[in-house]
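Read in order, the letters of the sequence shown are residues 1 to 455 in full-length UniProt numbering. Here is the structure we will look at.
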Amino acid sequence: MLLLGCANAAEPTASGELSSSDFTGTDRCIQCHAIIHSQWDGTMHSNAYTDPFYLKEFETASQDTDGLIDSFCSRCHTPIGVVSGEIPPADGSRLSGIAKDGVQCDFCHTVSGSNGTGNAPFIVTPGDTKWGPFNDSRSAYHDSEYLDLHTKSEFCGMCHEVSHPVNGLLIDDTYPVWKNSTYAQEGVTCQDCHMTPGITEFEANPGRSGSGAPKRDHISLHSTVGGNAFVTGILGADDVKKMAIERLEKAATLDMSSPETAHTGEDVTVEVSITNSGAGHNIPTGVSEIRQIWLEVRVTDAGGREIYNAGRTDNKGGIISALKIYNNVLGDDQGDPTLSFWLADRVLSDNRIGPKETVSEEHTFFMPENTVYPVTVDAILKYRSAPQELIDHLFGEGVHEVPVIDMAEISNVIYDPGSPPGSRTESRSSPGFTIFIAVALLLIIYVLKNNKKGG
Ligand code: HEC
Ligand code: HEC
Ligand code: HEC
Ligand code: HEC
Ligand code: HEC
Numbered sequence: 001m002l003l004l005g006c007a008n009a010a011e012p013t014a015s016g017e018l019s020s021s022d023f024t025g026t027d028r029c030i031q032c033h034a035i036i037h038s039q040w041d042g043t044m045h046s047n048a049y050t051d052p053f054y055l056k057e058f059e060t061a062s063q064d065t066d067g068l069i070d071s072f073c074s075r076c077h078t079p080i081g082v083v084s085g086e087i088p089p090a091d092g093s094r095l096s097g098i099a100k101d102g103v104q105c106d107f108c109h110t111v112s113g114s115n116g117t118g119n120a121p122f123i124v125t126p127g128d129t130k131w132g133p134f135n136d137s138r139s140a141y142h143d144s145e146y147l148d149l150h151t152k153s154e155f156c157g158m159c160h161e162v163s164h165p166v167n168g169l170l171i172d173d174t175y176p177v178w179k180n181s182t183y184a185q186e187g188v189t190c191q192d193c194h195m196t197p198g199i200t201e202f203e204a205n206p207g208r209s210g211s212g213a214p215k216r217d218h219i220s221l222h223s224t225v226g227g228n229a230f231v232t233g234i235l236g237a238d239d240v241k242k243m244a245i246e247r248l249e250k251a252a253t254l255d256m257s258s259p260e261t262a263h264t265g266e267d268v269t270v271e272v273s274i275t276n277s278g279a280g281h282n283i284p285t286g287v288s289e290i291r292q293i294w295l296e297v298r299v300t301d302a303g304g305r306e307i308y309n310a311g312r313t314d315n316k317g318g319i320i321s322a323l324k325i326y327n328n329v330l331g332d333d334q335g336d337p338t339l340s341f342w343l344a345d346r347v348l349s350d351n352r353i354g355p356k357e358t359v360s361e362e363h364t365f366f367m368p369e370n371t372v373y374p375v376t377v378d379a380i381l382k383y384r385s386a387p388q389e390l391i392d393h394l395f396g397e398g399v400h401e402v403p404v405i406d407m408a409e410i411s412n413v414i415y416d417p418g419s420p421p422g423s424r425t426e427s428r429s430s431p432g433f434t435i436f437i438a439v440a441l442l443l444i445i446y447v448l449k450n451n452k453k454g455g
């Protein structure tokens, strides 16, 4: 009987099971948790439904599938809209204001359990009790209860793991990739990087979580930011956009090896490696079939002439001759590539960079006869939330420009073989330098020995 009770309790909250008036609006929470509210406001959680990019894609998906996926998409993007049965219809005409607040306070804090991860298997119990990370919390307004789930990646994994509702294809693997990474083994959670000032690791944020609350060693930040500097920009959430850029700048590191000198009239090869040094999952992740990461490699001589370029963008936002675009390509049932993941049933390719993984690219260019030395090689890692072409297709040409963010940068210099860098006397391997070091070492040993004798 008890087991049966547990099994029943683990059923995810069904569509239409509740009413949106069962939930409390953020205007109530703001009265005491003003700082937390200001952090959440403008994030993609607060805009999970109003996001114009989502709404365009949702509209298309709904048409493509005759409305079959309406509650599926909405369960993550407007969870209150689904559990209250206000969606369908897909046009949002029956949605209450609170449902349009997307992934909001009272939704997350009345999650009382879940049936695992993926495709939003949450159990939500709106009412007086707010579940959270503290086991000794008191509030005059609501009951508080500790729930382990809120402190774990599995909480995020309810929505940050998406499988196709019909064919089961794994579309968003953020949680499963994290789960198989060394971060998970070392106990570094999504919250550690996304809800603390640390960005790539846990960093405490001491303070109070609201008026009348006690001082604590750590209060989680609700500015849960990823790499979205595009939609946050459209919506005027400039602080969130700034944080997204900062986060992208901490995600990866670059290294480059190039010859110190190179003759004109020859092919020169440089190798650039990219390490995912800061993200606990692939870069890119999430809707990674839409995201784009690529390397721009630019070679310029001292006269300012560009000798080589791979990966620049043209005035229409096309990426010109990049060696690779790091993302995954999904295919439809004809095997054709598609950005419409609701139509996908296979993965055609996947070269996203895994947590702590390093990949490299070799770029070869021809050094022209009249090169003015020295020559500079710049490599810049670029990120874009979506191809410009897709956004132009959805919104019309010239309506929204997708910003290209520089994630990391590195430069090397190639010199004229006739006059390599510095003079010979400076070189560490020159005999004069070696003799100098040897004499200095002997002197140190001599002084140390004498000191020992003396003491
Ligand atoms: C995406 C789900 C989500 C949303 C939306 C959300 N929270 Fe939280 N909140 C969490 C999680 C998860 C934690 C605990 C993190 C941890 O400790 O690891 C938390 C912690 C808290 C805490 C405990 C203090 C702290 O910050 O650690 C309070 C209070 C709180 N949230 C209030 C709010 C309010 C008010 C809002 C709306 C403005 C809100 N939350 C929106 C998930 C959410
Ligand atoms: C009258 C003031 C007040 C209002 C209104 C209020 N809270 Fe709180 N809340 C508090 C205080 C005080 C605490 C205790 C914080 C602590 O223990 O550090 C708290 C704690 C919490 C916690 C932590 C619970 C735990 O055990 O970890 C969560 C979650 C939370 N509030 C969510 C909300 C949400 C969501 C709303 C809006 C629906 C809300 N609060 C409205 C005052 C308030
Ligand atoms: C070690 C730190 C770290 C951990 C752990 C981590 N992240 Fe991230 N996350 C980052 C960084 C850095 C970025 C920016 C790079 C990017 O956007 O690809 C990021 C980006 C993201 C994005 C935006 C991706 C995109 O490009 O659209 C999402 C969504 C995300 N994280 C969710 C999660 C979830 C969910 C978890 C836990 C399962 C998690 N993260 C664990 C550091 C981390
Ligand atoms: C109820 C479902 C849900 C839960 C639970 C949830 N998220 Fe999200 N999250 C979303 C949705 C939906 C979006 C994307 C909204 C959009 O871009 O339109 C999002 C966006 C994000 C982003 C921004 C991604 C970007 O590209 O900038 C980050 C980071 C993130 N979530 C992290 C987390 C973390 C960390 C947790 C756990 C503490 C969590 N989320 C829990 C649904 C959820
Ligand atoms: C299980 C939860 C879940 C389901 C179901 C889901 N999404 Fe999402 N969606 C997310 C999360 C989490 C993100 C954020 C990932 C990231 O930032 O890369 C997201 C991001 C997006 C984005 C990118 C938004 C932006 O601003 O860049 C679009 C578009 C989108 N979803 C459309 C859809 C459509 C259409 C469906 C239904 C076919 C759907 N989603 C179903 C969780 C979900």
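The C-beta atom is built at its ideal place from N, Cα and C for all residues, glycine as well.
Under 8 Å between C-beta atoms of residue i and residue j
i           : j    : result
H222        : Q39  : yes
P368        : T261 : no
V297        : S360 : no
D22         : P88  : no
L339        : I391 : no
S288        : V270 : no
H363        : A408 : no
F230        : A386 : yes
T24         : D106 : yes
Y175        : C32  : no
residue 480 : V413 : What the structure shows of the chain is the stretch from 1 to 455, and residue 480 is not part of that stretch, so it cannot be assessed.
G102        : T26  : no
Check: residue i C-beta below 7 Å from any heavy atom of ligand 3
i    : result
C105 : no
P284 : yes
W178 : yes
K250 : yes
Residues of its chain near residue i, where Cβ-Cβ distance is below 7 Å and the 5 sequence neighbours each way are ignored
i    : result
E86  : S20, R94, L95, S96, A99
C73  : F58, A61
N135 : Y146
W294 : G311, I319, A322, K324, I325, Y326, K382
Where residue i sits in the DSSP three-state scheme
i    : result
A14  : coil
I219 : coil
S19  : coil
G132 : strand
G398 : coil
L169 : coil
Q39  : helix
F26  : The sequence given here has Thr at residue 26, not Phe. Correct three-state label for T26: helix.
T275 : strand
G97  : helix
I391 : helix
K56  : helix
D416 : coil
H109 : helix
Any non-hydrogen atom of ligand 2 closer than 7 Å to residue i Cβ
i    : result
F134 : yes
R298 : no
Residues of its chain near residue i, where Cβ-Cβ distance is below 6 Å and the 5 sequence neighbours each way are ignored
i    : result
A10  : N115
P133 : H150, T151
V82  : S15, S71, S74, R75
G157 : T117, Y175
A34  : none
G432 : The pLDDT assigned to G432 is 49, lower than 50, so where the model puts this residue is not dependable; a value taken from the coordinates is nonetheless given after this. Around G432: no qualifying Cβ.
T358 : S273, T275
Residue i Cβ short of 7 Å to ligand 1 heavy atom set
i    : result
I36  : yes
Q191 : yes
D151 : For the sequence presented, residue 151 should be read as Thr rather than Asp. At least one heavy atom of ligand 1 is nearer than 7 Å to the Cβ of T151, so yes.
Closer than 7 Å: residue i CB and nearest ligand 5 heavy atom
i   : result
R75 : yes
E17 : no
H33 : no
I69 : yes
Spatial neighbours of residue i in its chain, beta-carbon cut-off 8 Å, leaving aside the 5 residues before and after
i    : result
P337 : V329, L330, G331, L348
P206 : K215, R216, D217, H218, I219
G335 : R346, L348
I245 : A229, I405
G398 : D392
Check: residue i C-beta below 7 Å from any heavy atom of ligand 4
i    : result
P126 : no
N228 : yes
Whole runs of the beta strand (DSSP E) within the stretch 300-357, excluding any shorter than 3 residues: Counting only runs of 3 or more, we get 306-310, 328-332, 344-350.
Secondary structure, alpha helix (DSSP H): runs of 4+ residues fully inside the stretch 59-95: 70-77, 79-83
Contiguous alpha helix (DSSP H) assignments of at least 4 residues, all confined to the stretch 177-249: 182-185, 190-194, 231-234
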